[in-house]
Amino acid sequence: MANLKTFTNGTDTYIAESAEDVLTAFKEFTGEDYILDDYGEKDDWWECDPEDFHSIHFEDKTKDFSDKFEILSRKEGYVRAKAKNKYWAEWNGRGFLCSTEF
């Protein structure tokens, strides 16, 4: 999958080839066939601007990052890193990236 992009529904962020591919990646990650929001509707997914920045807080402070990432903090078993969306897509590969709920 060469043309990976970052997609969000406002809560979860996935790396996929298209908004339709996010549904497949979601099923692979969660085992669910579809995505429902708090109102029982399917979530809309939109592509994040590849040049916009996204910061993520990880539980494992040993994660390796290239110089394309800015390490914002490392403490108490956590690391917070910031990078452009296109670099997150390269680093993570296809699938789940992060959520505001986890």
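The sequence shown lines up with residues 214 to 315 when you count with my numbering.
C-beta atoms are modelled at their ideal positions from N, C-alpha and C, and glycine is treated no differently.
Treat the numbers as computed from the prediction; the structure is a model and nothing was measured.
With 16 other Cβ atoms within 10 Å as the buried cut-off, status of residue i
i, result
"Trp258", "buried"
"Ser312", "exposed"
"Ile228", "buried"
"Phe242", "exposed"
"Leu285", "exposed"
"Phe266", "exposed"
Contact under 8 Å by Cβ, residue i with residue j
i, j, result
"His270", "Arg293", "yes"
"Asp317", "Asn305", "The requested residue 317 does not occur in the structure, where the chain is confined to residues 214 to 315."
"Glu314", "Thr224", "yes"
From the options, residue whose alpha carbon lies closest to that of residue i
i, options, result
"Asp234", "Glu260, Thr224, Asp265, Gly253", "Glu260"
"Leu310", "Ser268, Asp262, Glu254, Gly244", "Ser268"
Exercise for the section: Would you check if the segment 217 to 225 and the segment 298 to 308 touch, i.e. whether three or more CB-CB distances between them fall below 8 Å? Expected result: Yes, they touch.
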